[in-house]
Structures are given as structure tokens and as C-alpha cells.
Amino acid sequence: MSDRAGSEVFREVNERIAQLARGWSWSGAQGFMCECAAAGCMQLVLLTREEYERVRAGSAHFLTAPGHRAVGEHVVESYPLFVVVERVAVA
């Protein structure tokens with residue numbers, strides 16, 4: 004599996020975490036998997052429901068830990084505990 008494909012898997016995991024948390028009346032920060040393109044990254048990123056929903060508003064946006072931005076990505080939003088990056092399509 005490519006590094007990018009791995010981050011897509013973590014995106015699906017994060018969607019499932021959010022779905023389950025909604026059923027538990029989620030409040031406060033929740034742990035999500037970093038969706039960076041680095042092979043083997045298993046870092047958790049903490050953010051609120053509102054922050055997570057903002058990340059998901061952009062289909063090309065990915066949730067990463069600070070310092071995990073890869074070449075070909077640009078920062079959309081940056082916060083102390085997480086960074087939202089946008090992936091540029093490779094031709």
C-alpha cells in the first residue's frame with residue numbers, strides 16, 4: 004500500500020471514530036489518527052467535533068499532526084495541536 008493510500012485508510016478510520024462519537028453525545032476533544040503521507044505514522048491528533056467537521060468540509064483536506072506536511076501539500080489551516088493540509092493532484 005502506498006503512503007497516500009495509507010492516509011486514505013486513516014481518513015476512513017477517523018470517519019468511523021466521528022460516527023461512533025456522535026452516538027455518544029461527543030463533547031470535548033477526541034483522538035483522531037494523523038492522515039499524513041508518512042509510512043508508519045500512528046500519531047494521534049486531538050480536536051473537537053467542530054474542528055473535525057471543518058476539516059472534512061474540504062474533500063482534498065487532510066488532518067495531520069504539526070510538522071507532518073509532505074511535499075505537494077499546502078497548509079490550509081494551522082493550530083497548535085493539528086494542521087489541515089490540502090493535497091495537490093498529481094498529473
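FYI, in the working numbering the residues of the sequence shown are 4 to 94.
For every residue, glycine included, the Cβ atom is placed at its ideal position computed from N, Cα and C.
Which residues in the same chain as residue i place their Cβ atom closer than 7 Å to its Cβ, once the five residues preceding and following it in sequence are excluded?
{"i": "R72", "result": "V78, V86, V88"}
{"i": "M4", "result": "Confidence is the limiting factor: at M4 the pLDDT is only 46, short of 50, which leaves the residue's position unreliable, though a coordinate-based value still follows. If we look at M4 and ignore the five residues flanking it on each side, it has no Cβ neighbours."}
{"i": "L84", "result": "V48, L49, L50"}
Helix, strand or coil for residue i per DSSP?
{"i": "V74", "result": "coil"}
{"i": "V86", "result": "strand"}
{"i": "G34", "result": "strand"}
{"i": "E18", "result": "helix"}
{"i": "V79", "result": "strand"}
{"i": "R12", "result": "Just to set this straight, residue 12 is Val in the shown sequence, not Arg. Note: V12 maps to helix in three-state DSSP."}
{"i": "L47", "result": "strand"}
Give every residue of the same chain whose Cβ lies closer than 8 Å to the Cβ of residue i, excluding the five residues on either side of it in the sequence, and list them in chain order.
{"i": "Y55", "result": "N17, A21, Q33, F35, L66"}
With distances taken Cα to Cα, identify the nearest neighbour of residue i among the options.
{"i": "Y82", "options": "G75, R90, V58", "result": "V58"}
{"i": "L49", "options": "G43, G31, R25", "result": "G31"}
{"i": "G61", "options": "M45, E80, C44", "result": "E80"}
{"i": "S28", "options": "P69, T51, L84, A68", "result": "T51"}
{"i": "L47", "options": "A24, P69, L23", "result": "P69"}
Using a Cβ-Cβ distance under 8 Å, would residue i count as near chain C?
{"i": "E38", "result": "Absence of chain C from the displayed structure is noted, only one protein chain being present."}
Kindly list the residues whose CB is nearer than 6 Å to the CB of residue i, restricted to its own chain and excluding five residues on each side of it in sequence; keep chain order.
{"i": "R90", "result": "A63, E76"}
{"i": "C44", "result": "C37"}
Hey, could you find the ends of the beta strand (DSSP E) residue i is sitting in?
{"i": "V105", "result": "The shown model of the chain, from 4 to 94, leaves out residue 105, and the question about it has no answer."}
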